[in-house]
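First the structure, in the form of structure tokens, and then the observations on it.
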Ligand SMILES: [Zn+2]
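Residue numbers (the working numbering), protein chains in the order written: chain Z, 5 to 246; chain F, 7 to 209.
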């Protein structure tokens, strides 16, 4: 059962598009797994959309000339349906496929050691950008996910008995439990839990689940962690933060 | 109980519900008949409101107008994705504007290639705009997926086949089909979304 959710404030900012892209990704992935937050987000979206309508601060005056030109310009474009079909038949000259073994794995999940982990919708888009697994200390595996200038997020897999040496955080670390359970000496976490840790927290993540535990982690200030000094201060930061 | 509400006020305040029905109808006209008059109605109602929202959020007239134009262009081009059963026109248009603003801000901050609004809120994805309610763990056999695969549009199928069956990179596929890399990417994404949509409706 999911016990740890983003705060209401985070959800509202998410709906309004004001969370950082990296944190938005985490919140969105959590909502894929959490019907409670999903519902909250839907309601909040309606509420914000409603306030857009009730806002009477706009000036009716500037409706005239500029806008009619804009309308004319916009309506010259075809619909996206027209634009996307009926063009360029020559592109489609490939032979029809006889055996079509699109593996489900390629679409929904990432694989580690023969096991497929189905990802929440939001994260499925990043399967292509996920690097290979590499082994870390103590039954831990890591696969980096390239988020461009947002830095690197990671999938971390803790096999049974795997643990991360105690560490603190020099920024905010977000973790979403994708599959399995782990404990960090403070709480027990289950699939779907959304956890954030900042400089206040010290923890020792550990999984004693027979199935191990797959999590997705991200830090909202990746630059902070790439500096040499931070690495010296926190020798284990590279495990989770890169 | 209050009586005698000034006429002017009651006139200028369109009741949200009536307005939603009215705007919904216009959007359907736009989607089905490419009706410019209906679009103009939707535009005239929403554009000034969007502009005011954008000004507040971005504090810049030029950016605000860009947001209005992009949002309303999407409304025109993708009106067929509006589904009145799933929400009001204002909610739909708000989410489009929010997505565009999110991406504009990323661009302003010179962030390329990272999280884009479509990833977070697939409001304008063709075929399956409703990926949101995806229950995740469906069991599908290879035969089933092969069957679904066959029903993909030919262009999307070609791309998926090359990538997931022949194991080619997106760049290789782009070169081979002589189309831009971006097109390969978007076709891949559309196809996967579509497959996923079909898988869900197949359960
Ligand atoms: Zn939640």
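Cβ atoms here follow ideal geometry from the backbone N, Cα and C, with glycine treated the same way.
Residues near residue i by beta carbon distance below 7 Å, same chain, minus five either side
i, result
"residue 51 (chain F)", "29"
"residue 54 (chain Z)", "none"
"residue 181 (chain Z)", "193, 194, 195, 196, 197, 217, 219"
"residue 101 (chain F)", "127, 129"
"residue 126 (chain Z)", "29, 32, 33, 36"
For residue i, the nearest candidate out of the options (CA to CA)
i, options, result
"residue 134 (chain Z)", "Z:121, Z:127, Z:140, Z:149", "Z:149"
"residue 48 (chain F)", "F:98, F:199, F:163", "F:98"
"residue 158 (chain F)", "F:53, F:176, F:193, F:125", "F:193"
"residue 84 (chain Z)", "F:24, F:107, F:26, F:36", "F:36"
"residue 5 (chain Z)", "Z:119, Z:184, Z:147, Z:72", "Z:184"
"residue 215 (chain Z)", "Z:162, Z:16, Z:190", "Z:162"
"residue 115 (chain Z)", "Z:195, Z:129, Z:147", "Z:147"
"residue 94 (chain F)", "Z:124, Z:12, Z:52, Z:71", "Z:52"
"residue 11 (chain Z)", "Z:20, Z:31, Z:24", "Z:31"
"residue 33 (chain Z)", "F:112, F:186, F:127", "F:127"
"residue 221 (chain Z)", "Z:13, Z:15, Z:29, Z:36", "Z:29"
"residue 118 (chain Z)", "Z:76, Z:187, Z:137, Z:124", "Z:137"
"residue 161 (chain F)", "F:123, F:124, F:200", "F:200"
"residue 84 (chain F)", "F:175, F:39, F:112", "F:39"
"residue 24 (chain Z)", "Z:176, Z:199, Z:201, Z:191", "Z:176"
"residue 158 (chain Z)", "Z:44, Z:78, Z:80, Z:140", "Z:140"
"residue 74 (chain Z)", "F:96, F:42, F:111", "F:42"
8 Å Cβ cutoff, residue i in contact with chain F
i, result
"residue 54 (chain Z)", "yes"
"residue 151 (chain Z)", "yes"
"residue 71 (chain Z)", "yes"
"residue 202 (chain Z)", "no"
"residue 85 (chain Z)", "yes"
"residue 90 (chain Z)", "Its pLDDT being 43, under 50, residue 90 (chain Z) is placed unreliably by the model, and the measurement read from it follows with that caveat. Residue 90 (chain Z) does not count as touching chain F."
"residue 75 (chain Z)", "yes"
"residue 177 (chain Z)", "no"
"residue 182 (chain Z)", "no"
"residue 48 (chain Z)", "no"
"residue 78 (chain Z)", "yes"
Proximity test, Cβ basis, 8 Å: residue i and chain Z
i, result
"residue 93 (chain F)", "yes"
"residue 181 (chain F)", "no"
"residue 200 (chain F)", "no"
"residue 24 (chain F)", "no"
"residue 120 (chain F)", "yes"
"residue 113 (chain F)", "no"
"residue 97 (chain F)", "yes"
"residue 125 (chain F)", "yes"
"residue 177 (chain F)", "no"
"residue 77 (chain F)", "no"
"residue 88 (chain F)", "no"
Close Cβ partners of residue i (< 6 Å) along its chain, the five nearest in sequence each way excluded
i, result
"residue 57 (chain F)", "70, 74"
"residue 218 (chain F)", "In the structure displayed, chain F extends from 7 to 209; residue 218 (chain F) sits before or after that span and is not available."
"residue 92 (chain F)", "none"
"residue 123 (chain F)", "105, 108, 109"
"residue 187 (chain Z)", "210"
"residue 61 (chain F)", "70"
"residue 76 (chain F)", "106"
Neighbourhood of residue i by C-beta distance below 8 Å, restricted to the same chain and skipping five residues each side
i, result
"residue 165 (chain F)", "179, 183, 190, 193, 194, 197"
"residue 48 (chain Z)", "15, 16, 19"
"residue 4 (chain F)", "Given a span of 7 to 209 for chain F in the structure shown, any question on residue 4 (chain F) remains unanswerable."
"residue 40 (chain Z)", "6, 9"
Using a Cβ cut-off of 7 Å, which residues of the stretch 55 to 67 of chain F contact any Cβ in chain Z, in chain order?
55, 57, 58, 59
Quick check on the contact list: which residues have their beta carbon closer than 6 Å to a heavy atom of ligand 1?
Z:6, Z:9, Z:34, Z:38, Z:40, Z:41
To be precise: take each residue of the stretch 34 to 53 of chain F, compare its Cβ to all Cβ atoms of chain Z, and keep it if any distance is under 7 Å. Which residues remain?
40, 42, 45, 46, 49, 50, 53
Which residues of the stretch 7 to 20 of chain Z have a Cβ closer than 9 Å to any Cβ of chain F? Give them in chain order.
18, 19, 20
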